[in-house]
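Under our numbering, the residues of the sequence shown are numbered 1282 to 1577, in order.
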Amino acid sequence: MDLRYVQSFVTTVECGSIAEAARRLDMTAPAVAARLKALEDDLGAQLVRRSGRAVKPTAAGLNIFDRARNMLREERDLRALANEKVQLGELRLGAFVSALTTVLPPVLRRLYASHPNLSVSVVSNASTELVRMVAAGDLDAAVVVEPQFAIPKTCEWRELMTEPLVVVAPKELARRDAHDLLRTEPFIQYDRSVLGGQLADRYLRQHGLTPHRRLEINGLMSIAAMVDQGLGISLLPDWSALWSSGLSIQKVPLPGTAPMRKSGFVWSAHSPRAPIARMFLEQAEALFSRPKRKAR
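So this is what it looks like as structure tokens:
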């Protein structure tokens, strides 16, 4: 069985389109279709079904999809293990949305300065999903908000930074008390499907605060832009990029000890690319002034 045909099948199912799979694989659509047909002939079963421009797996395709992805992952791992220069292989890295602009660029800049031939592929998703992908072997490592569940035993975790919750308000409201703002001003809710939004929602409930929710949205910068336009206030992690954005917004500290959004690095301890993940971690710890500890 030609693993290139398996790759075409997996990519087509993931994309839901032969045309998109062809773009991702840098091939023509007829070439991808030919590989799919060859794999189907080899296995003696129809694996995908076209519906207009969309492609969906058949029952047989669904049956083999996870195993096919595992085959491709095992092949990549074998290549990494056989390569004496494993540290110059490819790192499959995940990052939650905020980290794409604040963590990845400076860390990768330092990493590429010492390892210019390193290849990195980046996936952005919710932190809980990224942790699951690392545990499943779909990613080698990820920058995530600390999950509210136990890190899988196959993975290692290292905290990188903490960001207290603050009220984000238009500058003209910045002299008012944080709780007073939360009680009286229109409120833009940080999406409760992400961990930072859940942290903010828990704080409101614990303090008996019932703000007038005007809308709920993901994306810290999107919320900040709406605050800048006078649409309301919000309760967000004290994300550094907010204050260098040029927006007319101000942080208002919460009274007492504010909850912290903890962000860090999770990686698969037994992945052939664990050495690359630890290289990334070393650079991240150096940048974000975390105490350096030897990664296991």
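Glycine residues also receive a C-beta, built at the ideal position from the N, C-alpha and C atoms.
Residues of its chain near Leu1284, where Cβ-Cβ distance is below 8 Å and the 5 sequence neighbours each way are ignored: Within the same chain, Leu1284 has close Cβ partners Met1352, Leu1353 and Glu1356.
Buried/exposed call for Met1507, threshold 16 Cβ in 10 Å: So Met1507 ends up on the buried side.
Whole-angstrom C-beta distance between Ser1405 and Ala1376, which should lie under 8 Å: About 6 Å separates the two Cβ atoms, so the contact holds.
Separation of Pro1540 from Tyr1484, as counted between CA atoms: Cα to Cα, Tyr1484 sits roughly 8 Å from Pro1540.
Contact set for Ala1335: own chain, Cβ-Cβ below 7 Å, skip 5 residues either direction: Within the same chain, Ala1335 has close Cβ partners Gly1297 and Ser1298.
Nearest-angstrom Cα separation, counted from Trp1548 out to Met1414: Roughly 10 Å between the two C-alpha positions.
Length-filtered (3 minimum) beta strand (DSSP E) runs lying within the segment 1413 to 1492: Listed in chain order, the complete beta strand (DSSP E) runs (minimum 3 residues) inside the segment 1413 to 1492 are 1422 to 1426, 1436 to 1451 and 1467 to 1471.
Arg1542 and Leu1480 closer than 8 Å at C-beta: Against a cut-off of 8 Å, the Cβ pair of Leu1480 and Arg1542 comes out as a contact.
Delimiting residues of the alpha helix (DSSP H) encompassing Leu1516: If you look at Leu1516, you'll find it isn't in any alpha helix (DSSP H); it sits in the beta strand (DSSP E) that goes Ile1514 to Pro1518.
C-alpha gap between Arg1330 and Arg1350, whole angstroms: Between Arg1330 and Arg1350, the C-alpha separation is close to 19 Å.
DSSP state of Phe1546 mapped onto helix, strand, coil: Note: Phe1546 maps to strand in three-state DSSP.
Candidates Pro1386, Asp1519, Gln1510 and Arg1473, of which the one nearest Asn1499 by Cα: Among Pro1386, Asp1519, Gln1510 and Arg1473, the Cα nearest to that of Asn1499 is on Arg1473.
Rounded C-alpha distance that separates Gly1527 from Leu1501: When rounded, the distance between both Cα atoms is 14 Å.
Classification of Gly1537 by the beta-carbon crowding that lies within 10 angstroms, buried from 16 upward: Label assigned to Gly1537: exposed.
Buried or exposed by the 16-neighbour rule on C-beta atoms within 10 Å, applied to Phe1430: Phe1430 sits exposed, since fewer than 16 C-beta atoms from the chains shown fall within 10 Å of its C-beta.
Contiguous alpha helix (DSSP H) assignments of at least 4 residues, all confined to the segment 1284 to 1341: Fully enclosed alpha helix (DSSP H) runs of 4 or longer: 1284 to 1296, 1299 to 1306 and 1310 to 1324.
Reference Ala1380; option with closest CA among Asn1398, Val1425 and Ala1416: Of Asn1398, Val1425 and Ala1416, the residue nearest in Cα terms is Val1425.
Residue-level contact to chain C via CB, Leu1392, 8 Å cutoff: As a matter of chain content, chain C is missing from the structure shown, which is built from one protein chain.
Contact check, Leu1420 vs Arg1373, beta carbons under 8 Å: Closer than 8 Å, so yes.
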